[in-house]
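Q: What follows is a single structure, and I will ask about it in a moment.
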Amino acid sequence: MTTTLTSYLSGKWVAGQGNKTALYNPATEEVVAEASTGGVDFAAAVSYARTEGVKSLHGLTFAGRAEVLKRAAQVINDHREDLIKLGIINAGNTRSDAKFDIDGAAATLNFYAELAAKLGETRVLADGDGTALGRSARLYGQHVWTPRAGVAVHINAFNFPAWGMAEKLAVAIAAGMPVITKPATSTALMAHRIAELWVEAKVFPAGAFSFVCGNVGDLLNHLSGQDVLAFTGSGDTAATLRKTESLVRHNVHVNVEADSLNSALLGPDATEGTETLNMFLTDVAKEISQKTGQKCTAVRRIYVPAAQLNSIRDALVERLKEVRVGNPAEDKVTMGPLATANQLRDIRAGIDRLAKVAEVALGGSKPVEGHAKGYFVTPTLFVHRQPKADASDVVNAHEVFGPVATLMPYSNNAELVALVSAGGGGLVSSVYSDDKAFLAEVVGGIAPFHGRVTISGEKVAGQTISPGMALPGLLHGGPGRAGGGEELGGARGMSLYMQRVALQGPRPWVEQFAGVKPASAPAAT
Ligand code: NAP
-5 MTTTLTSYLS GKWVAGQGNK TALYNPATEE VVAEASTGGV DFAAAVSYAR TEGVKSLHGL
55 TFAGRAEVLK RAAQVINDHR EDLIKLGIIN AGNTRSDAKF DIDGAAATLN FYAELAAKLG
115 ETRVLADGDG TALGRSARLY GQHVWTPRAG VAVHINAFNF PAWGMAEKLA VAIAAGMPVI
175 TKPATSTALM AHRIAELWVE AKVFPAGAFS FVCGNVGDLL NHLSGQDVLA FTGSGDTAAT
235 LRKTESLVRH NVHVNVEADS LNSALLGPDA TEGTETLNMF LTDVAKEISQ KTGQKCTAVR
295 RIYVPAAQLN SIRDALVERL KEVRVGNPAE DKVTMGPLAT ANQLRDIRAG IDRLAKVAEV
355 ALGGSKPVEG HAKGYFVTPT LFVHRQPKAD ASDVVNAHEV FGPVATLMPY SNNAELVALV
415 SAGGGGLVSS VYSDDKAFLA EVVGGIAPFH GRVTISGEKV AGQTISPGMA LPGLLHGGPG
475 RAGGGEELGG ARGMSLYMQR VALQGPRPWV EQFAGVKPAS APAAT
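In terms of this note's numbering, the numbers along the sequence shown are unbroken and rise by one, the last being 519.
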């Protein structure tokens, strides 16, 4: 019998009624579970989280919330092997892909546990220095951050069921906001198991954690001015959500993490035999195939000096040919299928669209030999010899969310900046060079269009982290097409879940409330 996944709302597990959505094993197309939220009382769930959850979390100091997050990470670590199996059968993950997701989740929870522990036994945070307001030093102003008195609704994409859920949750819980989290239904098995384990282990205080498995129904209609919606997914869904009347009417704080045409840029100095070129090739090949290219941060556009176009193409093709596509339950497989039938349809259409302007160096949209069933696609590399620096060029207009990237030439720094920026705003761009003048001009030029820019060269050889890895201490998000949102970034990420308020009053009281050490106060007059 097929398992029906339930939701954890108002402090109990509830089953949905009516039509169910099937979850598949994308390698075999077998149904592995089903889910529904039909008839679920979302109004009551929001109200419960807002009352019980707010009470529980506002009652804890940052140090108390740190303990909660530490336990959440520990539970994931304790069940790592079981969770890996769920990633393999429901998300098309290889073991390595599943570990990336699960370990990323635990690491982010632990990062915010440590950050919250350092903030200590307090509930508000001072924001910058205070300022004397009157003629005497007694009247004083100080900005502070205080947790919002609402609920944070988290809607996540299908590609990181564990990490996606944990990275939003870690920041919100650290900041003091209860969470109602929803994974994408198609790959919800792993997130659902984590939710079960957290509930069994009583990780969260009453009302602080709720879990929706299936459609969000009318949940968003119940949000109000103290609540937050943090969404990760496609730009199209984001555009629909932004128009939700209740969100607009009540000015609900909305953060969007959407599509991105991430780029990798090779400097003219990184020629044959340099360590910098080697790093570039290793990272780009990894970013194309890891998680079957279904990472929001994966490299989609690759820019190299025109003279090196053919040699780089050959080097990348050689590396990508080593990728073994197949059922990730088999040991030798290094790249699994796409997560869903819809993904397969969209990726094939995207490849066909790119094929109209670019030549195929490897792969393509044809079915993968030996796989009559399953949502398989081969790593695909295009060469586009005449890229345009505007959105009329398909490489700058459409994200193909699979193991697909396009290699393009540039002739000078200004052209490179224009080509990269034509992607309309991205999560990450990675630049490979040791030439200071090149780095200054190009990084300076592309920076306003990105949430993160990585610089790799010989000085950091052996220490770099692949650009597709979102780091809890650095911002994740980006302008324009990428959604305009900001997540993570250490304590910065908590600002979404906290209200900044200016306190104006007697200096000793203001400083005590804000937790500012009075040592900086002038001697009493
Ligand atoms: P999606 O189709 O937009 O779905 C994302 C989430 O939104 C899912 O949980 C989905 O739930 C939910 N959803 C869909 N329609 C909704 C509606 N009308 N109201 C409320 N919720 C709704 O995106 P996806 O296919 O899962 O993810 C792929 C996309 O996400 C790619 O474009 C990728 O670039 C982007 N992404 C971005 C980031 C980032 O950090 N910037 C990270 C990962 C992925 P159901 O599954 O139940 O339909």
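Ideal placement from N, C-alpha and C gives every residue a C-beta, glycine not left out.
Quick check: GLY135 and GLY124, are their CB atoms within less than 8 Å of each other?
A: The answer is yes: Cβ separation under 8 Å.
Q: SER254 and GLY487: beta carbons closer than 8 Å?
A: Against a cut-off of 8 Å, the Cβ pair of GLY487 and SER254 comes out as no contact.
Q: Strictly under 8 Å for the Cβ-Cβ distance: is ALA323 near chain D by that measure?
A: Within the model displayed, chain D is absent; a lone protein chain is all it includes.
Q: Using a threshold of 7 Å, is the CB atom of LEU497 nearer than that to any non-hydrogen atom of the ligand NAP?
A: No, the beta carbon of LEU497 sits no closer than 7 Å to any heavy atom of the ligand NAP.
Q: Do SER218 and VAL246 have their beta-carbon atoms positioned less than 8 Å apart in this structure?
A: Cβ atoms of VAL246 and SER218: closer than 8 Å.
Q: So does LEU86 have its beta carbon nearer than 7 Å to some heavy atom of the ligand NAP?
A: Note on identity: in this sequence residue 86 is Gly, with Leu being the wrong assignment. No.
Q: Is the beta carbon of ASP221 within less than 7 Å of some heavy atom of the ligand NAP?
A: Result no, Cβ not under 7 Å from the ligand NAP.
Q: Kindly indicate which three-state DSSP category LEU533 falls into: helix, strand or coil?
A: Limits of the chain in this structure are -5 at one end and 519 at the other, which puts residue 533 out of reach.
Q: Sorted by chain position, which residues of the same chain lie with C-beta nearer than 7 Å to ALA120's C-beta, five sequence neighbours on each side aside?
A: Excluding sequence neighbours, ALA120 sits near GLN136, VAL138, ALA508, GLY509, VAL510.
Q: Within the same chain, show all residues whose beta-carbon is closer than 6 Å to that of ALA518, passing over the 5 residues directly before and after it, in chain order.
A: Confidence at ALA518 is low in this model, with a pLDDT of 35, below 50, so the placement of that residue is unreliable and no value is reported for it.
Q: Mapping DSSP to helix, strand and coil, what is ALA515?
A: Residue placement at ALA515 is flagged as unreliable, the pLDDT there being 37, under the threshold of 50; a coordinate-derived value is accordingly withheld.
Q: Give the secondary structure of VAL422 by DSSP, where H, G and I count as helix, E and B as strand, and everything else as coil.
A: DSSP places VAL422 in strand when its eight states are reduced to three.
Q: Who does THR537 pair with in a DSSP beta bridge?
A: The question about residue 537 has no answer here: the residues shown for the chain are numbered -5 through 519.
Q: Exposed or buried, what is TYR2 when buried is set at 16 or more other beta-carbons lying within 10 Å of its beta-carbon?
A: TYR2 comes out buried.
Q: What do you reckon, is the C-beta of PRO442 under 7 Å from a heavy atom of the ligand NAP?
A: Checking the Cβ of PRO442 against the ligand NAP gives no.
Q: Pop quiz: LEU271 and LEU310 are said to be a contact at Cβ under 8 Å. What is the actual Cβ separation, rounded to whole angstroms?
A: With 8 Å as the limit, LEU271 and LEU310 do not qualify as a contact, their Cβ atoms being about 11 Å apart.
Q: Taking Cβ to Cβ, would you say ILE341 is nearer than 8 Å to PHE395?
A: The answer is yes: Cβ separation under 8 Å.
Q: Of all the alpha helix (DSSP H) runs that stay within the bounds of the region 156 to 190, which reach a length of 4 or more residues?
A: Within the region 156 to 190, the complete alpha helix (DSSP H) runs of at least 4 residues are 157 to 169.
Q: Exposed or buried, what is THR286 when buried is set at 16 or more other beta-carbons lying within 10 Å of its beta-carbon?
A: Buried, by the Cβ-count rule.
Q: How far does the beta strand (DSSP E) with PRO262 in it reach, from first residue to last?
A: Premise fails: PRO262 is in no beta strand (DSSP E) and is neither H nor E.
Q: Residue range of the alpha helix (DSSP H) that GLU531 falls in?
A: As shown, the chain starts at -5 and ends at 519. That puts residue 531 outside it, with no answer to give.
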